[in-house]
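As structure tokens, the structure follows; a few thoughts come after it.
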Amino acid sequence: MKRILLAVALLALLFIPAKADEGMWLPALISQRIEDMQAKGFKLSSEDIYSVNQASLKDAVVLFGSGCTGELVSDEGLLLTNHHCGYSYIQKHSSVEHDYLKDGFWALNRAQELPNPGLTVRFLERMEDVTSAVLKGYKPAKMNEQQREALVKKNSEKLIEAAVKEGNGLKASVEALYYGNQYFLFVFREYRDVRLVGAPPSSIGKFGGETDNWMWPRHTGDFSIFRIYAGADNMPADYSTDNVPYRPKKSLKISRSGAQEGDFTFVYGCPGSTQEYVHSELVRFVQDVSDPEKIALRTTRLQIMKKYMDQSQAVRIQYSSKYAGVANAWKKWQGEEKGLRKNKVVAAKQEYEQHFEEWALGGRYEGITGRLYNLYAARNPIYRAYEYYNETVLAVEKIRMASGRNVDPKDYYQPIDEETFVAMMEAFDKGVEDIYKPEYFISQRALYSDMTEWKDAVFADESQAKDLAEALYGYYFNVLVPQVRELSNAITLTYRDYMQGLMEFEPSRDFFPDANLTLRVAYGHVQGYSPADAIYYQPVSTLKGIIEKDNPEIFDYNIPQTLRDIYARGGYENQPVCFLATNHTTGGNSGSPILNANGNLIGINFDRVWEGTMSDLFFDPQLCRNISLDVRYILFIIKEIGHANYLLDEMQVAD
Ligand code: ARG
Ligand code: GLU
């Protein structure tokens, strides 16, 4: 009896859905959460968040590019997102003569707004539960998994085809939720003429650089401004000077009332991927194998890039975007690994699984956690090799080019690539078991006394490079990836049952579907946190903190002279810059609007705190915080640094 009581108490501690702000909810089902949201301060209705009958907040939110979020802030298609989301486009328009990364960019009129071939934004037209249509004709007793999969595919294609019939930029997809226990159809309208309107200099938009990335206190002015253009009928159109600014169904009002500790907030955006319900063995693998190894490999790559970037402004521009991309995950993994360890997530999950199995005894879920363990045990070595390929072979641009893939010559600097080749091929050779290497690699490697010698040969002889690329890419795509996929599919299948089991095991818990880049709402409130004994971080940072960090000697902290001058004029000490809140977010939420109780824009989400980056696997309400840029800092920068007041005139400031 005592044991049971203890177990129940433990369970309650660990897994009862906290008053916590864990969760990323589907807008179309937000009515299930609305009472909770309202109890926490929200003043609007579910229809204000999502409606197919009237303009709602969803009509002001877009998937920006392939992995960020953006929001409409004027009736003329003006869009805000993060500086780091616009970064690669800003970089593409930059050269040593016109260095928009360094100096910022402000279009002085519509004609100066810069087109970005390939950049699209997607508005969600509607989303709906199509589970029964997707599984129509499914006979569990008579069909195996392949047959089920084929049926799901066929039915989904039909739904998609019907959904996009109208044309006009409509795109649709059917997404599996809860590992395929539920299916949703998402219908989007995609606009493909999106122009760059403004960006602060990197010394503001990327202030703090990699040093402050994933950290609090934070002072990054992480925003950039774009405009969506449409044909005369307001429908998507290819770039043309005849296009006109898109007129959105809804644009966000900007609030000047700011973010105070305790204020209700919600984030509306496209979180990319989470794995909240996974087995302890995956968490252990991430913490003990995957994160540490990937971190080490990237440390080496970053050192190589940095050495050359520090020597030349031209190389800095060429590699800035690549460097930021490599550094970003590198740093996140470090926080994640630490967070998982510190919070003993593996042990907590193991304990949970044990309780689950006790409950499952004699029923259809009995032994499922053991099966998951075995599946991971089978996949881990292959997955490790797969990740090694990703981090080494795929990181060498020479091999990439020789495989026929594109590398922008404008952003290629051979000395970096040669050194990367030597370091990454060395790491690959040592780190990957021979059974996961193509024969060609092993025999060829034996011909050279060291990696540098081999590198010289590969860079001197195009046909050698081609052979090597063919062998490595061939093995990767034809052998490794299919193996990983097969094992991962088996794991997903088991999760489909496990997920059902979890829902029966904890019937009163609300299970949100893992993130999958579909539109979600996360809600919480402005709050600081305590990362360690005796430390409490306040939730709001100010311009004063930028001046404290300012140092012309340190690249990441060297602010523009104009900002120093403005500050010296006085009156700006308390200008808010960034703030923390408890909203559950992840990669892809970058650029997401963060809204107040009235649904007005108070900021743009752009990051999470270091101690909470394990939230993709385990959300701890004490530690997990999202970081947003205060919209009032955006207005301040547009006015004082960009002198682009005409943009402010377009926006609607609410209170
Ligand atoms: N950590 C943020 C995110 O995951 C910002 C990344 C861009 N900034 C950077 N310093 N690399 O996207
Ligand atoms: N910066 C991230 C992004 O690009 C958001 C931060 C996070 O992962 O929470 O989406």
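Note that my numbering numbers the sequence shown so that position 579 is 1482, with each residue one more than the last.
The C-beta atom is built at its ideal place from N, Cα and C for all residues, glycine as well.
Note that this is a predicted model, so its numbers are computed, not measured.
If we call anything under 7 Å between Cβ atoms a contact, is residue i one with residue j?
| i | j | result |
| --- | --- | --- |
| T1177 | T1516 | no |
| K1122 | V1534 | Inspection of the sequence shows that residue 1122 is occupied by His rather than by Lys. Going by C-beta atoms, H1122 is not nearer than 7 Å to V1534. |
| G1070 | E1093 | no |
| G970 | L982 | no |
| N1486 | N1529 | yes |
| V1384 | L1371 | no |
| A1010 | V1100 | yes |
| A1079 | V1090 | no |
| V1097 | L1022 | yes |
| I1107 | V1424 | no |
| F1414 | M1406 | yes |
| V1249 | R1187 | yes |
| G980 | I1220 | no |
| P1434 | E1514 | yes |
| L1375 | V1296 | yes |
| D1311 | E1240 | no |
| V965 | V1024 | yes |
| V1512 | W1119 | yes |
| L1200 | E1294 | yes |
| I1507 | F1126 | yes |
| E1256 | T1272 | yes |
| L1532 | I1541 | no |
| S949 | V1170 | no |
| L1004 | S1105 | yes |
Leaving aside the five residues before and after residue i along the sequence, list all residues of the same chain whose C-beta is less than 6 Å from its C-beta, in chain order.
| i | result |
| --- | --- |
| L1538 | none |
| Q1555 | K1156 |
| M1328 | M1354 |
| Y1268 | G1404 |
| H1182 | L1275 |
| L1088 | E1031, V1033, L1062, V1077 |
| D1115 | R1121 |
| A1263 | E1269 |
| Y1226 | M1208 |
I'd like the list of long-range same chain contacts for residue i, defined as Cβ closer than 7 Å, with 5 residues on each side in sequence excluded.
| i | result |
| --- | --- |
| Y1041 | R1051, L1054 |
| D951 | S959, L960, G1502 |
| Q1216 | V999 |
| A1393 | L1278 |
| P920 | The pLDDT assigned to P920 is 42, lower than 50, so where the model puts this residue is not dependable; a value taken from the coordinates is nonetheless given after this. Hits under 7 Å: R1412, D1413. |
| K1301 | D1320, F1324, V1361, F1362, A1368 |
| R1159 | R1535, V1556, D1558 |
| E1553 | S977, E979, L981 |
| G1175 | G970, A1418, L1420, T1489, G1490, G1491 |
| K1039 | N1058 |
| I1207 | I1319, E1322, T1323, A1326 |
| D1166 | H1428, V1429, N1499 |
| Y953 | P930, A931, I933, S959, K961 |
Bridge partners of residue i, per DSSP?
| i | result |
| --- | --- |
| N1508 | S1531 |
| A1102 | F1008 |
| E1342 | According to DSSP, which records beta bridges pairwise, E1342 is partnered with nothing at all. |
| K1452 | DSSP, once it has assigned bridges, lists no residue as partnering K1452. |
| L1017 | L1099 |
| Y1440 | Y1432 |
| Q1085 | L1080 |
| R1423 | G1172 |
| M1030 | F1089 |
| W928 | V1424 |
| C1481 | S1444, L1532 |
| S998 | Answer is none; S998 lacks a bridge partner. |
| F1167 | H1428 |
| A1075 | V1090 |
| F1129 | L982, L1099 |
| V1147 | A1133 |
| C971 | F967 |
Whose C-beta lies closer than 8 Å to the C-beta of residue i among residues of the same chain, with five residues either side of it excluded?
| i | result |
| --- | --- |
| R1282 | V1387, L1390, S1391, I1394 |
| V1218 | Y1211, M1212, Y1316, I1319 |
| T1465 | E1543, I1544 |
| W1233 | K1197, I1198, R1201, T1202, L1205 |
Counting beta carbon pairs with one atom in the region 1019-1039 and one in the region 1348-1363, are three or more of them shorter than 8 Å?
no
Inter-stretch contact (C-beta, 8 Å, three-pair minimum) for the region 1396-1411 and the region 1453-1460:
no
Report yes or no: do three or more beta-carbon pairs, one from the region 1135-1144 and one from the region 1509-1529, lie closer than 8 Å?
no
Count Cβ pairs between the region 982-993 and the region 928-943 that sit closer than 8 Å; are there 3 or more?
no
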